[in-house]
Amino acid sequence: MELLHNAVRAYAWGSRTAIAELLGKEVPAPHPEAELWMGAHPGDPSRVVRPDGSRSLLELLAEDPAGQLGARCAERWGGRLPFLLKVLAAEEPLSLQAHPSARQAALGFAAEEAAGVPVDSPVRNYKDPSAKPELICALTEFHALAGFRDPHRTVALLRSLEAPDFAPYTELLAEQPDANGLRALFTTLITLPQTALDALLPQVLDACVLHVKERGEFDLECRTALELGEAYPGDAGVLAALLLNRLVLKPGEAIHLPAGNLHAYLHGTGVEILANSDNVLRCGLTPKHVDVPELMRVLDFTCGDMPVQTGVNTAPGLWTYPTPSPEFELSRLELPPGGEAVVDHDGPQILLVTEGRAVLSDAAGGSLAVDRGRSVWLPASDPAVVITADEPTRLFRATAGTD
Numbered sequence: 001m002e003l004l005h006n007a008v009r010a011y012a013w014g015s016r017t018a019i020a021e022l023l024g025k026e027v028p029a030p031h032p033e034a035e036l037w038m039g040a041h042p043g044d045p046s047r048v049v050r051p052d053g054s055r056s057l058l059e060l061l062a063e064d065p066a067g068q069l070g071a072r073c074a075e076r077w078g079g080r081l082p083f084l085l086k087v088l089a090a091e092e093p094l095s096l097q098a099h100p101s102a103r104q105a106a107l108g109f110a111a112e113e114a115a116g117v118p119v120d121s122p123v124r125n126y127k128d129p130s131a132k133p134e135l136i137c138a139l140t141e142f143h144a145l146a147g148f149r150d151p152h153r154t155v156a157l158l159r160s161l162e163a164p165d166f167a168p169y170t171e172l173l174a175e176q177p178d179a180n181g182l183r184a185l186f187t188t189l190i191t192l193p194q195t196a197l198d199a200l201l202p203q204v205l206d207a208c209v210l211h212v213k214e215r216g217e218f219d220l221e222c223r224t225a226l227e228l229g230e231a232y233p234g235d236a237g238v239l240a241a242l243l244l245n246r247l248v249l250k251p252g253e254a255i256h257l258p259a260g261n262l263h264a265y266l267h268g269t270g271v272e273i274l275a276n277s278d279n280v281l282r283c284g285l286t287p288k289h290v291d292v293p294e295l296m297r298v299l300d301f302t303c304g305d306m307p308v309q310t311g312v313n314t315a316p317g318l319w320t321y322p323t324p325s326p327e328f329e330l331s332r333l334e335l336p337p338g339g340e341a342v343v344d345h346d347g348p349q350i351l352l353v354t355e356g357r358a359v360l361s362d363a364a365g366g367s368l369a370v371d372r373g374r375s376v377w378l379p380a381s382d383p384a385v386v387i388t389a390d391e392p393t394r395l396f397r398a399t400a401g402t403d
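Residue numbers (the working numbering): 1 to 403.
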C-alpha cells in the first residue's frame, strides 16, 4: 500500500475551489481545475510515492503486471489497469458527448491510425482502441443531462413551449414517439444550417423564458436551455439538450453511462470511474472538435428514465454501485469514529479519502495514514488491509469489475 501523487487537469469548465479545497491547497486556485486523475492512463499516470522518490504507476505495471494487477486481471486486460478513477469538478457545462463501444473504438482507432491522424491532433476522435463506459457518484449536488427522455414526455415539453416555428419539429416526434422518432428529430436538429438555427433558437429560448415565468411543469429543463443558450449562443446542442433527461443527483447517488449514451455534465463535483480510455465524441456545447457523423454512428437512442443508483449495502458501512461494465467497480465506505473495515480483493485497488482521515494497516505490520484528498495504490500482491478512522470518514474504492 503506497500513497499516490496524481495529476490535476485544467479545463475551462472546471472549478477554482472544489479540487483545491479537497487537496488542502490554496483556494481559489489560480485557474480552473476540472479533473484529478488516479490510475495508469498514458496521458497522465499517477506516481507511487516512495521514500527514495516516486515511480510512475505505468512503469510499475509494465515491470510486474501479474504482481501489481493479479494474474486474472493481468491476463484479461493485457497487463493494463482497466479503470481510471477521477474527481470531476464542473463549474460550467461540459460538451454534449457520447463514448464508443469496444468494437466501435477499435475500428475508429484503426481507421485514424491508417489515415495518419496524429494521436495528439485536436481533430482526432479516437485516442485509443478502448471503450469508455463510466459511472459518476455525486460528492455535492450534481446536475447532468443523460440519456434520451421518454418521447411522450419530450413531446409534452416541446408542445408547452409557445414557439410556432418549432411546431413542425415537435410533430416529427409526436408522429413517431419512439427511438426511431428520436433519431429523426435529433438528427434534424443537430444538423440544422446556422441560418435556420439563428432564426429558431431565439424563439425557443423566448418560449423558455415565458415557461419559467409561469412556473410551468418543465421549469428545470427550460432553465437549463436558457443557461446553455447563454453559454453557447447559436449552438444546435441547446436544442438537442431539450431531448435529454435532466438529472439532479444528491451526494451518494450515481448514474452509469454505457457506450452510446448522450450526456453532458452541467455542474457539481463527483467521483467518476471509467474504463481506461480518453475517447470522446462531441456534437455541441463546446469549442472543441465536433464530429456529428461519427457521433451518430455510436449513439444509442434507447429512451426512458435514467436509472439513479444509491448503492447496494453489501457490508456494514459499504455501498457498491453495480454496473455491467467489466472494467471497473466503485464502492463507497462510510466509517464512524472508531469504525473499522477490512478491504480485500484479488486484483488492484485504488482508495480515495474524500472526508475525514483513514489509517490503513496490514498483517505484515505496515501502517499508512491517509488524509482527505489523498489516494492509495493497493496492488493485488498486498495482503488484506484494515481501515480504521478516528473521525467520520468516507472513502471510495475502485477495483476491476467482473465479466
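Ideal Cβ positions, reconstructed from N, Cα and C, are used throughout, including at glycine.
Burial state of ALA110 is exposed, judged by a 10 Å Cβ sphere holding fewer than 16 other Cβ atoms.
The beta carbon of ASN6 is closer than 7 Å to those of LEU36, TRP37, MET38, SER46, SER375 in its chain, skipping five residues each way along the sequence. ALA259 and HIS99 have their C-alpha atoms some 5 Å from each other. Judged by beta-carbon spacing, GLU92 lies beyond the 9 Å limit of ALA146, meaning their Cβ atoms are not closer than that value. Looking at the backbone, the Cα of GLY338 and that of GLU391 are separated by about 7 Å. In terms of Cβ geometry, LEU182 and LEU173 form a close pair [threshold 9 Å]. Within the region 298-332, no run of alpha helix (DSSP H) at least 4 residues long lies entirely inside it. The region 116-134 and the region 234-243 do not touch, with fewer than three beta-carbon pairs separated by less than 8 Å. With respect to the C-alpha of GLU59, the residue from GLY70, ARG72, ARG80 having the closest C-alpha is ARG80. Proximity of the region 368-386 to the region 318-337 falls short of the contact definition, fewer than three beta-carbon pairs being nearer than 8 Å. Under the three-state reduction of DSSP output, GLU253 falls in the coil class, being neither helix nor strand. Remark: three or more beta-carbon pairs, one from each stretch, lie closer than 8 Å, so the region 131-143 and the region 263-270 are flagged as touching.
By the CB criterion at 9 Å, SER95 and VAL298 fall outside the cutoff. ASP206 and ALA199 have their alpha carbons spaced roughly 12 Å apart.
The residue among ASP382, PRO336, THR393 with its C-alpha nearest the C-alpha of GLY356 is THR393. Bounds of any alpha helix (DSSP H) do not take in GLN97; it lies within the beta strand (DSSP E) bounded by 96-98.
Counting only residues of its own chain and dropping the five nearest sequence neighbours on each side, GLY67 has a CB closer than 6 Å to the CB of SER381. The alpha helix (DSSP H) runs of length 4 or more contained entirely in the region 263-297 do not exist; there are none. Here GLY237 is near THR286, since their CB atoms are less than 9 Å apart. Rounded to the nearest angstrom, the Cβ distance from GLU253 to PRO133 is 18 Å, too far for a contact under 8 Å. Looking only at ARG397, HIS256, PRO307, CYS303, the smallest Cα-Cα distance to PRO177 is reached by CYS303.
Scanning its chain for C-beta atoms nearer than 8 Å, with the 5 sequence neighbours on each side dropped, one finds around ALA184 the residues LEU172, LEU173, GLN176, in chain order. Annotation for GLU33: VAL8, ARG9, ALA10, GLY14, SER15, ARG16, ALA18, ILE19, ALA20, ALA89 place their beta carbon closer than 8 Å to its own, counting only its chain and skipping 5 residues before and after. With contacts defined by Cβ atoms closer than 9 Å, LEU157 and ILE255 do not form a contacting pair. When DSSP states are grouped into helix, strand and coil, ASP362 belongs to the strand group. Between THR154 and TYR169, the C-beta gap is not smaller than 9 Å, which leaves the two residues out of contact.
In the displayed model, GLY237 falls within a helix according to three-state DSSP. For the set TRP77, VAL87, MET1, GLN97, the Cα lying nearest the Cα of ARG282 is the one of GLN97. According to the DSSP assignment, PHE186 belongs to no beta strand (DSSP E) but to the alpha helix (DSSP H) extending over 179-190.
GLU217 sits in coil when the DSSP states are folded into three classes, being neither helix nor strand. The C-beta of ASN276 has 16 or more other C-beta atoms within 10 Å across all chains shown, which makes the residue buried. The C-alpha of VAL49 is placed about 24 Å away from the C-alpha of ALA29. For the pair LYS213 and LEU197, the Cα-to-Cα distance works out to about 24 Å. PRO293 and VAL370 have their alpha carbons spaced roughly 46 Å apart. Under the DSSP definition of a beta bridge, ILE136 partners with ILE255, GLU272. For TYR265, the closest C-alpha among the options ASP344, ALA71, LEU239, THR224 is that of THR224.
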